Amino acid sequence: MTSTSPLSKASSNRVNINRSLAAMSRRKIGTKTDLLFMTEDLKFGTVEAGKVSDVNNTKTIFEAEIKLPKNLKDLQYEILQEYLSQLRMIKTYSIIISGLNMLPIIMD
Numbered sequence: 100m101t102s103t104s105p106l107s108k109a110s111s112n113r114v115n116i117n118r119s120l121a122a123m124s125r126r127k128i129g130t131k132t133d134l135l136f137m138t139e140d141l142k143f144g145t146v147e148a149g150k151v152s153d154v155n156n157t158k159t160i161f162e163a164e165i166k167l168p169k170n171l172k173d174l175q176y177e178i179l180q181e182y183l184s185q186l187r188m189i190k191t192y193s194i195i196i197s198g199l200n201m202l203p204i205i206m207d
């Protein structure tokens, strides 16, 4: 597990997939998460946390419906590049912490 706003390399790879040498644009960074679950060679989950206990605030809704599903999809894509034979068994996990509320998200 790592913290201090880790960058998602999977997300960075997705936004830079069409980057070409001719355009010479700068490499874009991935999304930053509050916490990243990982082993030495594999990232498999993420956590976003907020201090407000309202599950209907804008930050919680944005993270639950837009940001984290994209991150989980990017993480799954990176895992599939390594473990294609395990296609049906791969799952990525996320937790949204909003004050005292916790919302788990599992993408399989």
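In the numbering used here, the protein residues as written are 100 to 207. Even for Gly, the Cβ is constructed at its ideal location relative to N, Cα and C. Predicted, not measured: the structure shown is a model, and the values here were computed from it.
Taking only the alpha-carbon atoms, compute the straight-line gap between residue i and residue j and give it to the nearest angstrom.
{"i": "Leu135", "j": "Ser184", "result": "24 Å"}
{"i": "Met206", "j": "Leu171", "result": "7 Å"}
{"i": "Asp140", "j": "Glu162", "result": "25 Å"}
{"i": "Ser152", "j": "Leu199", "result": "6 Å"}
{"i": "Glu177", "j": "Asn155", "result": "31 Å"}
{"i": "Arg187", "j": "Leu179", "result": "10 Å"}
{"i": "Thr191", "j": "Thr138", "result": "13 Å"}
{"i": "Gly149", "j": "Thr157", "result": "11 Å"}
{"i": "Pro168", "j": "Ser110", "result": "11 Å"}
{"i": "Thr145", "j": "Gly129", "result": "13 Å"}
{"i": "Gln175", "j": "Lys142", "result": "9 Å"}
Please state whether the Cβ-Cβ distance between residue i and residue j is less than 7 Å.
{"i": "Ser193", "j": "Ile204", "result": "yes"}
{"i": "Ile195", "j": "Glu147", "result": "yes"}
Which two residues bound the contiguous beta strand (DSSP E) that contains residue i?
{"i": "Leu202", "result": "200-206"}
{"i": "Ile196", "result": "191-197"}
Ranges of the alpha helix (DSSP H) found wholly within the region 120-186, counting only runs of at least 4 | 157-161, 167-181
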